[in-house]
Amino acid sequence: MPTIVFFHAHPDDEASQTAGAMARAAAEGSRVVLVFATNGEHGEVPDDLGDGEKLVDRRRVEAMNSAAALGVSRVEWLGYSDSGMTGWEQNHHPGAFHSIDPTDAGLKLAAIFDREDADIVVGYDDHGGYGHPDHVQVHRVLHAAARLAARRPRVLEATSNRDLTRGFYQAALAAGMADLAFDPDSPMDDGLPFGTPEAEITWQVDVSAYLAQRRRALEAHRSQQTDIDGMLALPEEVFAAAFGVEHYIEPGAEPGMRRGWPFAGELGGAVTAGRADPGDKPR
Ligand SMILES: [Zn+2]
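Below, the structure is given as structure tokens:
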């Protein structure tokens with residue numbers, strides 16, 4: 002079974018994005034390692050922090066609980082600072098993840114890939130799904146690290162299926178649930194639409210058997226109420242539709258989305274012709 006390293010920008014991104022694949026891979030016997038780029042210091046501050054407890058302390062505990070719910074074997078922190086949203090002055094603060102040379106951060110991540118002898122590594126698409134500076138940086142650093150690793154791992158980029166999301170949006174509007182509606186074609190943080198068109202996605206992964214683990218992972222991040230409560234409040238059938246599948250781009254793969262399980266190591270490697278060169282240099 003392959004060793005898989007999931008690289009995320011902030012604590013809670015693993016729960017909202019790749020939790021299904023993480024839980025399924027762990028349940029099927031893979032070693033699953035979770036790496037966070039930042040400490041998430043610009044998250045929502047809960048009003049029940051204890052004496053001397055900082056937001057980042059709370060978020061580390063929450064991340065460990067989420068990881069336990071998903072069957073993660075090990076959690077690592079690169080320790081960079083959260084950069085805030087596009088245009089915030091924090092984008093350029095010393096130590097802000099967004100401001101780090103991708104090769105420098107890539108060396109730290111590659112050291113983890115090497116120590117784990119990672120077979121598969123997972124980050125984000127080239128605009129981080131919605132343009133958050135730290136998520137875009139995850140894409141750059143992931144590819145830099147994959148090139149720097151002693152043994153080139155397969156690279157997968159988590160993304161969202163814009164066409165599928167549009168279908169949910171139109172269905173929510175038609176059902177009079179405008180408060181649940183999210184228009185993926187509206188400009189996101191970076192001015193671009195949400196996620197990736199289906200035609201540019203490689204894998205649709207069925208994780209519908211792992212909704213309970215996903216829910217526990219989301220619940221672990223309860224300090225981030227504004228984001229997390231909205232997901233947990235979805236009607237059960239909407240939650241299942243939204244989180245029962247995940248989408249991944251495999252750089253270099255033949256075009257066309259297939260339904261399958263790309264985390265099975267070499268068995269899943271039918272479309273990995275491009276694995277040696279993701280064709281994306283750090284910018
Ligand atoms: Zn994030």
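Using my numbering, the first residue of the sequence shown is number 2, and each one after it goes up by one.
Backbone N, C-alpha and C define an ideal beta-carbon position, used for all residues, glycine too.
A contact between stretches requires three or more CB pairs, one per stretch, nearer than 8 Å, and the segment 206-220 meets this requirement with the segment 20-31. Using a cutoff of 7 Å, the CB of His11 counts as near ligand 1, since one of the ligand's heavy atoms is closer than that.
By DSSP's assignment, Leu157 forms a beta bridge with Val123. Residue burial is scored here from C-beta neighbours: Thr166 has at least 16 other C-beta atoms within 10 angstroms and is therefore classed as buried. Within 7 Å of the C-beta of Asp135 there is at least one heavy atom belonging to ligand 1. Taking the Cα positions, Asp118 is about 18 Å away from Pro263. Distances from the CA of Ala242 to each of Val156, Gln205 and Ala221 were compared; the closest alpha carbon is that of Gln205. Proximity to Leu35 across Val76, Tyr249 and Ala179 peaks at Val76, based on C-alpha coordinates. Judged by DSSP secondary structure, Ile250 falls outside any alpha helix (DSSP H) and instead within the beta strand (DSSP E) spanning Val246 to Ile250. By the Cβ neighbour-count rule, His93 is exposed, with fewer than 16 other Cβ atoms within 10 Å of its own. The Cβ atoms of Phe195 and Arg163 sit closer than 8 Å to each other. Between the segment 176-190 and the segment 140-160 there are fewer than three inter-stretch CB-CB distances shorter than 8 Å, so the stretches are not counted as touching. Under the 10 Å beta carbon count, Val62 is surrounded by fewer than 16 other beta carbons and is classified as exposed. Collapsing the DSSP output to three states places Ala265 in coil. Taking C-beta separations shorter than 7 Å and ignoring five residues to either side along the sequence, the partners of Lys109 in its chain run Leu79, following chain order.
Cβ contact annotation for Pro3 (same chain, cutoff 6 Å, sequence separation greater than five): Ser31, Asp120, Ile121 and Gly266, in chain order. For Phe8, the enclosing beta strand (DSSP E) has its first and last residue at Thr4 to His9. Within the chosen limit of 7 Å, ligand 1 reaches the beta carbon of Asp14 through at least one heavy atom. As the crow flies, the alpha-carbon of Thr160 is around 34 Å from that of Asp49. A distance below 8 Å separates the beta carbons of Ala221 and Ala70.
Taken through DSSP and simplified to helix, strand or coil, Ser209 comes out as helix.
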